[in-house]
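**Q** Each protein sequence line maps, in turn, to chains A and B.
Residues in the first sequence are numbered from 879 upward in steps of one, following our numbering.
Residues in the second sequence are numbered from 879 upward in steps of one, following our numbering.
Backbone N, C-alpha and C fix where the C-beta goes; we use that ideal spot for every residue, glycine too.
2 protein chains.
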Amino acid sequence: MFDLILKNIAKHIQLDKAEEDFFISVLQHKIIERKAYLLKEGDICNTENFIIKGCLRTYTIDENGVEHIVMFGIEDWWVGDLYSFLSRMPTAYYIDALEDTEVLQITKKNLDILYERVPKFERFFRLILQNAFIAQQNRINQNLAFTAEQRYVNFIQNYPQLEQRISQKQLSAYLGITPVFLSMLRKKLVHR
Amino acid sequence: MFDLILKNIAKHIQLDKAEEDFFISVLQHKIIERKAYLLKEGDICNTENFIIKGCLRTYTIDENGVEHIVMFGIEDWWVGDLYSFLSRMPTAYYIDALEDTEVLQITKKNLDILYERVPKFERFFRLILQNAFIAQQNRINQNLAFTAEQRYVNFIQNYPQLEQRISQKQLSAYLGITPVFLSMLRKKLVHR
DNA sequence: GTAATTTATTAAACTACTTTAATTTTTTTC
DNA sequence: GAAAAAAATTAAAGTAGTTTAATAAATTAC
Chain A
879 MFDLILKNIA KHIQLDKAEE DFFISVLQHK IIERKAYLLK EGDICNTENF
929 IIKGCLRTYT IDENGVEHIV MFGIEDWWVG DLYSFLSRMP TAYYIDALED
979 TEVLQITKKN LDILYERVPK FERFFRLILQ NAFIAQQNRI NQNLAFTAEQ
1029 RYVNFIQNYP QLEQRISQKQ LSAYLGITPV FLSMLRKKLV HR
Chain B
879 MFDLILKNIA KHIQLDKAEE DFFISVLQHK IIERKAYLLK EGDICNTENF
929 IIKGCLRTYT IDENGVEHIV MFGIEDWWVG DLYSFLSRMP TAYYIDALED
979 TEVLQITKKN LDILYERVPK FERFFRLILQ NAFIAQQNRI NQNLAFTAEQ
1029 RYVNFIQNYP QLEQRISQKQ LSAYLGITPV FLSMLRKKLV HR
């Protein structure tokens, strides 16, 4: 159960057995069934979550009831709402499961203890955050510079595994277009 | 000259005099005149840059020659291209000065030395990054959920100081619309 | 395994935003 | 401070993407 997360960590920092054990001792295992929520708007996000199985989406619902997906998460990814987690303020986001999902959770309190006891984790979470930041900056630029068609083509090139797992409805909510328009784009692209 | 940056750091971590002195010793002062570049596409980004005076923009130029601004930076902000800085790969971004600007620079090498000598800086840059990450996630969501008009109104509400300092041309390149359309929006909003 | 629900497709009318181009206003430069 | 360059405005025609609605296909639920 802890294999994937230990490998994830080993990519960035080296832990001895005692540090590994301590880390594992602060994790909680949670199952989120398909369509169940990990977080709802207005909640305080109490945990950061490492996905060991399944698929989650982080999204908002606008004033017209339309969903907008800011990120997907699959195995080996961390998800949560960092703002709410850190500030203890209510989140603006929903997180729910697109497939039956299992996560390993760490609370704010435990993370603070972990930073104190094993300061290497400061580095680890800085590195995780760096990667996430770079990916986000890229996405902002893509949203500014590219048409919906280009963004769709880039998505299926960059995340072919993910494209297989999510519906077009979810993908359109991530790309920032309607499902109808995505369907039109696909038709047009097939005919080439 | 080092006042602002020391205050910026003191918001997040506490340094003793020796640590302050060491930190200052690894910084380089650089002046970037209006319209001059701090970084060009294809360069390797060798420094992170703290602005003590002036205004910078980070942007790409697409295949049609159109500029897209991913961020502005003013006094008290860090700018650079983290991806290129960390990976030593060529950047996709341009950074240039919208006003005569002064920055304090730290190289990758010196930052690594700093992390080793004063590990508290791991925490500092993690916190800086957290704030930047949260701001970016917000922007992604705004770009998905809001119309250009709403994004414009939000911008002038959230960054009134910045709006005074940048031209509409720059703002439109940040909002993801044409200068012509921004002008139309402004006209429409004034008449309310 | 069938009914119910959700997702995807198609078409047609619509709208937010772009493009082009001409004019005015502001800023920069020497 | 005059000339040149850049930015902003306006209008009109064009297009990428939306909306609505009807139908088909796929998935879910009991």
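Measuring only between beta-carbons, confirm whether residue 886 (chain A) sits less than 8 Å from chain B.
**A** With 8 Å as the cut-off, residue 886 (chain A) does not count as an interface residue toward chain B.
**Q** Residue 937 (chain B) to residue 951 (chain A), Cα distance in whole Å?
**A** Distance between the alpha carbons of residue 937 (chain B) and residue 951 (chain A): 28 Å.
**Q** By the criterion of Cβ-Cβ separation under 8 Å, what are the contact partners of residue 1057 (chain A) in chain B?
**A** Correct list: empty, because the minimum Cβ distance to chain B is about 14 Å.
**Q** Under three-state DSSP, which class holds residue 900 (chain B)?
**A** The answer is helix: DSSP assigns residue 900 (chain B) an H, G or I state.
**Q** Report back the beta-carbon spacing between residue 1051 (chain A) and residue 947 (chain A) to the nearest angstrom; my notes put them in contact at under 8 Å.
**A** Going by Cβ atoms, the distance from residue 1051 (chain A) to residue 947 (chain A) rounds to 5 Å, so yes, they are a contact pair.
**Q** Would you say residue 966 (chain B) faces chain A, with C-beta separation under 8 Å as the test?
**A** Closer than 8 Å: no.
**Q** Which class does residue 1000 (chain A) belong to by DSSP, given the choice of helix, strand or coil?
**A** It is helical.
**Q** If we cut at 8 Å on Cβ distances, does residue 1000 (chain A) have a partner in chain B?
**A** Chain B, which has a Cβ nearer than 8 Å to the Cβ of residue 1000 (chain A), makes this yes.
**Q** Ordered along the chain, which non-local residues of its own chain (more than five positions away) have a Cβ less than 7 Å from that of residue 905 (chain A)?
**A** Contacts found: 982, 983, 984.
**Q** With a 10 Å radius around its C-beta and 16 neighbouring C-beta atoms as the bar for buried, classify residue 1025 (chain B) as buried or exposed.
**A** Looking at its Cβ environment, which holds fewer than 16 other Cβ atoms inside 10 Å, residue 1025 (chain B) is exposed.
**Q** Fully enclosed by the stretch 966 to 1026 of chain B, which alpha helix (DSSP H) runs are 4 residues long or longer?
**A** Correct list: 986 to 995, 998 to 1023.
**Q** Between which two residues does the beta strand (DSSP E) harbouring residue 931 (chain A) extend?
**A** From DSSP, the beta strand (DSSP E) with residue 931 (chain A) extends over 925 to 931.
**Q** Can the beta-carbon of residue 902 (chain A) be found closer than 8 Å to that of residue 880 (chain A)?
**A** For residue 902 (chain A) and residue 880 (chain A), yes; Cβs fall inside 8 Å.
**Q** How would you label residue 830 (chain A), buried or exposed, when you count the other beta carbons within 10 angstroms and need 16 or more for buried?
**A** In this structure chain A extends from 879 to 1070, so residue 830 (chain A) is not present and cannot be described.
**Q** Straight-line CA distance for residue 886 (chain B) to residue 927 (chain B)?
**A** Approximately 13 Å between the Cα atoms of the pair.
**Q** What is the DSSP secondary structure of residue 1029 (chain B), counted as helix, strand or coil?
**A** Correct three-state label for residue 1029 (chain B): helix.
**Q** Taking the alpha carbon of residue 1031 (chain A) as the reference point, which residue from A:942, A:1060, A:965, A:894 has its own alpha carbon closest?
**A** Minimum Cα distance to residue 1031 (chain A) is reached at A:1060.
**Q** Kindly list the residues whose CB is nearer than 8 Å to the CB of residue 991 (chain A), restricted to its own chain and excluding five residues on each side of it in sequence; keep chain order.
**A** So the list reads 904, once near-sequence residues are dropped.
**Q** Under a Cβ-count criterion, where at least 16 other Cβ atoms within 10 Å of its own Cβ denotes burial, should residue 1000 (chain A) be classed as buried or exposed?
**A** That one is buried.
**Q** Could you pull the start and end residues of the alpha helix (DSSP H) that residue 893 (chain B) belongs to?
**A** Run containing residue 893 (chain B): none; DSSP gives neither H nor E here.
**Q** Tell me the DSSP bridge mates of residue 1062 (chain B)?
**A** DSSP output for residue 1062 (chain B) lists no bridge partner at all.
**Q** Since residue 915 (chain A) contacts residue 973 (chain A) with CB under 8 Å, what's their CB separation in whole angstroms?
**A** Right, the Cβ-Cβ distance comes to about 7 Å (below 8 Å), so this counts as a contact.
**Q** Mind checking which residues open and close the alpha helix (DSSP H) that includes residue 1052 (chain A)?
**A** Segment 1046 to 1053, the alpha helix (DSSP H) holding residue 1052 (chain A).
**Q** From what residue to what residue does the beta strand (DSSP E) around residue 911 (chain A) run?
**A** Unbroken run through residue 911 (chain A): none, as it is neither H nor E.
**Q** Report yes or no: do three or more beta-carbon pairs, one from the stretch 1005 to 1016 of chain B and one from the stretch 1003 to 1012 of chain A, lie closer than 8 Å?
**A** Contact between the stretch 1005 to 1016 of chain B and the stretch 1003 to 1012 of chain A is present, because at least three Cβ pairs lie under 8 Å.
**Q** Going by DSSP in three states, residue 945 (chain A) sits in which element: helix, strand or coil?
**A** Strand.
**Q** Would you kindly work out how many angstroms separate the C-alpha atoms of residue 1033 (chain A) and residue 957 (chain A), rounded to a whole number?
**A** The alpha-carbon atoms of residue 1033 (chain A) and residue 957 (chain A) are separated by roughly 20 Å.
**Q** So residue 1042 (chain A) and residue 1057 (chain A) are supposed to be a Cβ contact under 8 Å. How far apart are they, rounded?
**A** About 18 Å; that fails the 8 Å criterion.
**Q** For residue 1039 (chain B) and residue 1018 (chain A), what's the separation of their Cα atoms in angstroms?
**A** The straight-line gap from Cα to Cα measures roughly 23 Å.
**Q** Is residue 948 (chain A) close to chain B, meaning its C-beta is less than 8 Å from at least one C-beta of that chain?
**A** Yes, because at least one Cβ of chain B sits closer than 8 Å to the Cβ of residue 948 (chain A).
**Q** Over what stretch of residues does the alpha helix (DSSP H) that includes residue 905 (chain A) continue unbroken?
**A** Taken as a continuous stretch (DSSP letters only), residue 905 (chain A) belongs to no alpha helix (DSSP H), as it is neither H nor E.
**Q** At a CB-CB cut-off below 7 Å, which residues of chain B make contact with residue 961 (chain A)?
**A** Within 7 Å Cβ-Cβ: 1012.
**Q** Here's the rule: buried if 16 or more other CB atoms are within 10 angstroms of the residue's CB, otherwise exposed. What is residue 949 (chain A)?
**A** Flag for residue 949 (chain A) reads buried.
**Q** Residue 1015 (chain B) touches chain A at which residues, Cβ-Cβ below 7 Å?
**A** Under the 7 Å cutoff, chain A gives 948, 1014.
**Q** If we ignore side chains and look at the alpha-carbon of each, how far apart do residue 925 (chain A) and residue 941 (chain B) end up?
**A** One C-alpha to the other measures close to 42 Å.
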